[in-house]
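**Q** Chains as they are written, first to last, in the numbering used here: chain A, 6 to 299; chain B, 78 to 279.
Quick one: this structure, given as structure tokens, is what I'll be asking you about.
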């Protein structure tokens with residue numbers, strides 16, 4: 006047998022040290038993007054290589070890991086990353102938000118409130134909120150240094166001029182600790198208020214762009230807006246078709262080619278938990294649960 | 078003259094000891110003022126506390142120039158131990174160090190002797206590891222800032238007595254600044270550059 010033998014949690018110790026130092030600096034300077042020497046991971050860019058490296062650097066054998074992809078515990082990306090760490094670190098995994106100590110997420114914050122013993126790790130594609138406004142890294146870096154964020158307000162203003170309201174619905178820019186403007190990764194703006202004063206530590210890893218940043222617990226995170234156009238959350242105006250929740254973020258699911266659709270919770274753990282408690286929606290015979298074939 | 082064979086040992090289990098130590102330091106940094114414990118066991122030269130030794134073994138390597146204060150560089154024991162276990166270069170110019178280890182906190186040099194980072198790269202600053210007498214008894218320091226729900230009270234016996242007054246420079250310079258890690262035996266408290274002193278009591 007020549008099965009490859011990996012270090013605990015895949016990454017070598019020197020890489021972990023380098024990432025750990027970056028995480029500490031990130032926590033010390035909330036919202037500032039710390040450059041780090043991102044490694045090639047055994048998965049393509051865009052599949053969460055940044056988040057995976059952050060998780061690998063903090064994970065210990067006593068941790069319980071949850072991985073979500075757009076709120077869902079059971080999509081390909083979530084399952085493969087969960088299996089990756091179950092195999093390389095031997096950690097326990099869970100889908101229950103409350104039981105997890107480390108939650109890696111691609112773009113959503115769980116509906117259940119996070120607690121102080123948890124770390125939320127975001128997978129980030131483009132960490133620089135100003136990148137689409139100013140392509141040069143040297144310039145965006147100087148803008149961050151000077152706290153010069155007028156351009157971002159111009160962008161939001163152009164939304165208002167064109168559509169009558171701020172049409173940015175995901176990756177909605179936030180200001181962290183009244184200093185750095187930060188891209189909260191492409192989370193729906195529905196989740197932005199959950200970042201503010203959150204008891205859990207939030208870490209962000211961008212593998213391709215080689216940046217790590219962080220929001221310490223109990224830190225102010227303010228979504229940028231205008232006095233006459235305040236920030237608003239957005240959710241489809243419907244209850245979840247499976248659990249009837251009226252407060253969760255919903256996915257729209259097209260059910261046929263006649264224009265029928267239904268709305269279900271994006272957070273599968275939250276939805277299943279509510280169904281287990283007896284909450285029912287309009288489609289309570291959950292269509293996603295397969296019946297055994299006879 | 079100490080030979081390599083006579084040097085105190087490092088971590089028995091490098092991987093998991095480094096991981097638990099890092100989590101303690103990360104929790105300390107994320108919750109300034111809270112006392113975290115380092116549970117990993119390792120050998121340490123006489124003048125290094127076990128918390129300091131564990132943090133060094135966890136975070137130092139060939140990429141991190143380390144500055145030692147006069148107490149720790151009095152003999153070559155600490156430098157030799159660090160070089161052997163971490164391969165970190167021990168340098169005499171504190172202004173380009175990634176980490177500064179201060180064994181005798183009364184002799185903490187002026188903070189501007191360390192690196193504050195630049196406005197573009199505030200992360201290129203020195204993290205100062207300060208060995209203090211106690212992080213559980215002593216005068217109360219009321220702190221606030223990111224990571225703290227309202228205010229946190231740290232009871233500590235620490236030198237220099239005007240440490241927090243000196244750290245006021247962090248408020249002026251932010252995002253540039255110095256992050257401090259206080260160590261007393263196995264107890265660790267971090268004071269990142271965002272933490273502010275609200276009040277000082279007895």
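All C-beta atoms in this analysis are idealised placements derived from N, C-alpha and C, irrespective of residue type, glycine included.
Since this is a predicted model, take the numbers as computed values, not measurements.
By Cβ distance below 6 Å, which residues in the same chain neighbour residue 176 of chain A in space, the five residues on each side in sequence not counted?
**A** Here residue 176 of chain A refers to the residue found at position 171 of the first chain. Excluding residues within five positions, the ones whose Cβ falls inside 6 Å are 188 and 191.
**Q** With distances taken from CA atoms, which of B:161, B:201 and B:258 is nearest residue 115 of chain B?
**A** The sequence position of residue 115 of chain B within the second chain is 38, counting from 1. Out of B:161, B:201 and B:258, B:258 has the C-alpha closest to the C-alpha of residue 115 of chain B.
**Q** Using CA coordinates, which residue listed in B:267, B:100, B:136 and B:256 is at the minimum distance from residue 200 of chain B?
**A** Locating residue 200 of chain B in the second chain gives position 123, counting from the first residue. Considering only alpha carbons, the answer is B:256.
**Q** In chain A, which residues lie with their C-beta within 7 Å of the C-beta of residue 96 of chain B?
**A** The residue given as residue 96 of chain B occupies position 19 in the second chain. Correct list: 65.
**Q** Relative to the C-alpha of residue 206 of chain A, which residue among A:240, A:125 and A:133 is closest?
**A** Residue 206 of chain A sits at position 201 when you count from the first residue of the first chain. Residue A:125 is the option with its Cα nearest to residue 206 of chain A.
**Q** Using the beta-carbon count (16 or more within 10 Å), is residue 55 of chain A buried or exposed?
**A** As a first step, residue 55 of chain A is located in the first chain; it is residue number 50 there, counting from the start. That one is buried.
**Q** Could you tell me whether the Cβ atoms of residue 107 of chain B and residue 244 of chain A are closer together than 9 Å?
**A** Against the second chain, residue 107 of chain B aligns to sequence position 30. Against the first chain, residue 244 of chain A aligns to sequence position 239. Their beta carbons are not under 9 Å apart, which means residue 107 of chain B does not touch residue 244 of chain A by this criterion.
**Q** Is residue 273 of chain A near residue 76 of chain A, with beta carbons less than 9 Å apart?
**A** Within the first chain, residue 273 of chain A is the residue found at index 268, counting from 1. Within the first chain, residue 76 of chain A is the residue found at index 71, counting from 1. Yes, Cβ-Cβ distance for residue 273 of chain A and residue 76 of chain A is below 9 Å.
**Q** What are the uninterrupted segments assigned as alpha helix (DSSP H) that are 4 or more residues long and contained completely in the stretch 140-176 of chain B, given in chain order?
**A** The qualifying runs are 154-163.
**Q** Excluding the five sequence neighbours on either side, which residues of its own chain have a C-beta within less than 7 Å of the C-beta of residue 312 of chain B, listed in chain order?
**A** The first residue shown for chain B is 78 and the last is 279, placing residue 312 of chain B beyond what the model contains.
**Q** To the nearest angstrom, how far is the alpha carbon of residue 178 of chain B from that of residue 61 of chain A?
**A** In the second chain, the residue the question calls residue 178 of chain B occupies position 101. In the first chain, the residue the question calls residue 61 of chain A occupies position 56. Approximately 27 Å between the Cα atoms of the pair.
**Q** In whole angstroms, what separates the C-alpha of residue 206 of chain B from that of residue 112 of chain B?
**A** Here residue 206 of chain B is taken as the residue at index 129 of the second chain, counted from 1. Here residue 112 of chain B is taken as the residue at index 35 of the second chain, counted from 1. Straight-line Cα distance between these residues: approximately 15 Å.
**Q** Would you say residue 23 of chain A faces chain B, with C-beta separation under 9 Å as the test?
**A** The count along the first chain starts at 1 and reaches residue 23 of chain A at position 18. So, interface residue.
**Q** Name the residues in the stretch 216-231 of chain A whose C-beta lies less than 9 Å from a C-beta of chain B; which are they?
**A** Residues passing the 9 Å Cβ filter: 219, 220, 221, 222, 223, 224 and 225.
**Q** Using a C-beta cutoff of 9 Å, does residue 161 of chain B count as contacting chain A?
**A** On the second chain, position 84 is the one that residue 161 of chain B refers to. Closer than 9 Å: no.
**Q** Quick one: what's got a C-beta closer than 7 Å to residue 99 of chain B's C-beta in the same chain, skipping five residues either side?
**A** Numbered from its first residue, the second chain carries residue 99 of chain B at position 22. Closer than 7 Å at the Cβ level, and outside the excluded window around residue 99 of chain B, lie 135.
**Q** Just verifying my parser: in three-state terms, what is the DSSP assignment at residue 270 of chain A?
**A** Counting from one through the first chain, the residue named residue 270 of chain A turns up at place 265. Three-state DSSP puts residue 270 of chain A in a strand.
**Q** Comparing C-alpha positions only, which one of A:166, A:154, A:165 and A:170 sits nearest to residue 178 of chain A?
**A** Working through the first chain from its first residue, we reach residue 178 of chain A at position 173. Ranking the options by Cα distance to residue 178 of chain A, first place goes to A:154.
**Q** Evaluate residue 90 of chain A with the Cβ neighbour count: other Cβ atoms within 10 Å of its Cβ, from every protein chain shown; 16 or more gives buried, anything less gives exposed.
**A** Counted from its first residue, the first chain places residue 90 of chain A at position 85. Under this definition residue 90 of chain A is a buried residue.
**Q** Going by DSSP, what residues sit across from residue 77 of chain A in a beta bridge?
**A** As a first step, residue 77 of chain A is located in the first chain; it is residue number 72 there, counting from the start. Looking at the DSSP assignment, residue 77 of chain A forms a beta bridge with A:74.
**Q** Runs of 3 residues minimum, wholly inside the stretch 189-238 of chain B: which ones carry the beta strand (DSSP E) assignment?
**A** List check, beta strand (DSSP E) in window: 204-208, 217-221 and 229-232.
**Q** Within 9 Å (strictly less), CB to CB, does residue 32 of chain A reach chain B?
**A** Walking along the first chain from the start, residue 32 of chain A turns up at place 27. Chain B contact via Cβ: present.
**Q** Just checking: is the beta-carbon of residue 122 of chain B within a distance shorter than 9 Å of some beta-carbon in chain A?
**A** Along the second chain, read from residue 1 onward, the residue named residue 122 of chain B stands at position 45. No - not a single Cβ of chain A is within 9 Å of the one on residue 122 of chain B.
**Q** Would you tell me roughly how many angstroms separate the C-alpha atoms of residue 194 of chain B and residue 203 of chain B, rounded to the nearest one?
**A** Locating residue 194 of chain B in the second chain gives position 117, counting from the first residue. Locating residue 203 of chain B in the second chain gives position 126, counting from the first residue. Their backbone Cα atoms lie some 8 Å apart in a straight line.
**Q** How far does the alpha helix (DSSP H) with residue 162 of chain A in it extend, from its first residue to its last?
**A** Locating residue 162 of chain A in the first chain gives position 157, where the first residue counts as 1. First-last of the alpha helix (DSSP H) with residue 162 of chain A: 155-168.
**Q** Which two residues bound the contiguous beta strand (DSSP E) that contains residue 253 of chain B?
**A** As a first step, residue 253 of chain B must be located in the second chain, where it is residue number 176. No beta strand (DSSP E) holds residue 253 of chain B; DSSP gives it neither H nor E.
**Q** Please confirm whether residue 205 of chain B has its beta-carbon closer than 9 Å to some beta-carbon of chain A.
**A** Stepping through the second chain from its first residue, residue 205 of chain B is reached at position 128. No, residue 205 of chain B does not count as interfacial toward chain A.
**Q** From residue 229 of chain B to residue 200 of chain A, what does the alpha carbon distance come to, in whole angstroms?
**A** The residue labelled residue 229 of chain B in the question sits at position 152 within the second chain. The residue labelled residue 200 of chain A in the question sits at position 195 within the first chain. Distance between the alpha carbons of residue 229 of chain B and residue 200 of chain A is about 21 Å.
**Q** Taking the alpha carbon of residue 180 of chain B as the reference point, which residue from B:128, B:105 and B:170 has its own alpha carbon closest?
**A** For this step, residue 180 of chain B is matched to residue 103 along the second chain. Among B:128, B:105 and B:170, the Cα nearest to that of residue 180 of chain B belongs to B:128.
**Q** Starting from residue 180 of chain A, follow the beta strand (DSSP E) in both directions and report where the run begins and ends.
**A** Taking the first residue of the first chain as position 1, residue 180 of chain A is located at position 175. Run containing residue 180 of chain A: 179-181, per the beta strand (DSSP E) assignment.
**Q** Three or more beta-carbon pairs under 8 Å between the stretch 144-152 of chain A and the stretch 161-171 of chain A, yes or no?
**A** They do not touch, by the three-pair rule.
**Q** Distance check for residue 28 of chain A and residue 103 of chain B, CA to CA, integer angstroms please.
**A** If you number the second chain from 1, residue 103 of chain B lands on position 26. If you number the first chain from 1, residue 28 of chain A lands on position 23. Answer to the nearest angstrom: the Cα atoms are 8 Å apart.
**Q** For residue 149 of chain A, write down the residues that DSSP places opposite it in a beta bridge.
**A** The residue labelled residue 149 of chain A in the question sits at position 144 within the first chain. DSSP output for residue 149 of chain A lists no bridge partner at all.
**Q** Residue 164 of chain B and residue 142 of chain B: beta carbons closer than 9 Å?
**A** What you label residue 164 of chain B is simply residue 87 of the second chain in a count that begins at 1. What you label residue 142 of chain B is simply residue 65 of the second chain in a count that begins at 1. Going by C-beta atoms, residue 164 of chain B is not nearer than 9 Å to residue 142 of chain B.
**Q** Do residue 286 of chain A and residue 250 of chain A have their C-beta atoms within less than 9 Å of each other?
**A** Here residue 286 of chain A refers to the residue found at position 281 of the first chain. Here residue 250 of chain A refers to the residue found at position 245 of the first chain. Yes, they are a contact pair.
**Q** Does residue 161 of chain B pass the burial test, meaning 16 or more other C-beta atoms within 10 Å, or should it be called exposed?
**A** For the purposes of this step, residue 161 of chain B is identified with residue 84 of the second chain, where counting begins at 1. That one is exposed.
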